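Under the UniProt record's numbering, the residue at position 113 of the sequence shown is numbered 113, and the numbers go up by one with no gaps.
Glycine included, C-beta positions come from ideal geometry on N, C-alpha and C.
Being a predicted model, the structure only gives us computed values, none of them experimental.
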Amino acid sequence: MTMPLKSNAMHWGTLAKTFHWAIVALLLVQGTLGLVMVELPKKPSVITYFTFHKSLGLTILLLALLRLGWRLFDRRPEEPASMPRWQVTGARVGHALLYVLLFAVPLSGWLFDSATALRPLVWWGVVPMPSLTGGAAPDLKDIAKEAHEWLFWTLVFVAAGHAAAALVHHFVHRDEVLRRMLPRRRAGDAT
Ligand code: HEM
Ligand code: HEM
């Protein structure tokens, strides 16, 4: 069975699926790490977790960028013909919001890091990253920190609604919407 890289009218392509699920998996790790690390006692050893969080967050930002870039070339499968107009619109608005949040969450973290200017930001200890504020910006610190936290919870909320909608498609409407985003199609499915 061939697994085309590009999406077609019926199915998501391999690349769109890989981006989708890789980002979901990394977000789970990243969100959990973020929530846990801020509760740890402020000892020098926690710096390791913060540094890891920043590099993983920048990786998610890069993946989001690549994903959106690919999405501009790729098409998306058609919604089931039975889907009412308001649901199609709702899904599109939700997806657009998820894309915005995939950028806004890591960018706000990066902004906070730049505003504090505590340590140089070096992606995985290799690639020096520029400061978004060009040096310490005490006025921005609190706003960026609050924004990072609230944008994260907005992402959790929208993603939960999105996942619930996917499950409703699968178990209530019994259509192809969830199945065609899953990594493997069942043998016998048309490609
Ligand atoms: C999609 C990517 C990201 C997610 C899901 C994420 C999520 C989180 C979460 C849930 C927290 C805990 C918030 C709280 O309860 O106070 C947090 C804190 C933090 N994040 Fe991120 N983050 C991401 C990207 C980044 C990036 C790219 C940076 C910096 C380059 C960053 C820097 C920080 C810092 C410094 C804190 C600690 C804030 C504090 O001291 O309270 N994050 N992040
Ligand atoms: C943080 C978690 C998630 C994010 C950020 C996310 C993001 C997205 C985005 C942006 C799209 C639109 C793709 C495009 O048009 O290019 C999408 C599609 C989709 N997602 Fe997620 N997703 C997440 C979690 C989940 C989960 C947990 C499920 C399953 C329960 C799921 C199922 C789907 C399905 C089935 C589609 C295709 C919808 C369609 O054909 O219109 N997603 N996702």
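Could you tell me which residues DSSP pairs with residue i in its beta bridges?
i: Trp-123; result: Val-127
Find out if the Cβ-Cβ distance for the pair residue i, residue j is shorter than 8 angstroms.
i: Gly-57; j: Gly-125; result: no
i: Ala-115; j: Leu-155; result: no
i: Val-158; j: Leu-101; result: yes
i: Ala-163; j: Glu-78; result: no
i: Pro-130; j: Pro-120; result: no
i: Ala-91; j: Ala-160; result: no
i: Val-105; j: His-148; result: yes
i: Asp-175; j: Pro-84; result: no
i: Leu-111; j: Ala-144; result: yes
i: Leu-33; j: Ile-60; result: no
i: Val-46; j: Met-37; result: yes
i: Leu-72; j: Phe-19; result: no
Count the other CB atoms within 10 Å of the CB of residue i; is the residue buried (16 or more) or exposed (fewer)?
i: Gly-188; result: Residue placement at Gly-188 is poorly supported in this model, since its pLDDT is 45, which falls under 50; the coordinates still yield a value, given next. Per the 10 Å Cβ criterion, exposed.
i: residue 203; result: Outside the shown range of the chain, which is 1 to 191, sits residue 203, and nothing can be said about it.
i: residue 206; result: A query on residue 206 cannot be resolved here, the shown segment of the chain reaching from 1 to 191 and no further.
i: Lys-17; result: buried
i: Arg-67; result: buried
i: Ser-7; result: buried
i: His-5; result: Reading the sequence as shown, one finds Leu at residue 5 and not His. Answer is exposed; the Cβ neighbour count stays below 16.
i: Phe-171; result: exposed
i: Arg-186; result: A caution first: Arg-186 carries a pLDDT of 48, below 50, which makes its placement in the model too unreliable to give a value.
i: Gly-13; result: buried
i: Gly-69; result: exposed
i: Leu-65; result: exposed
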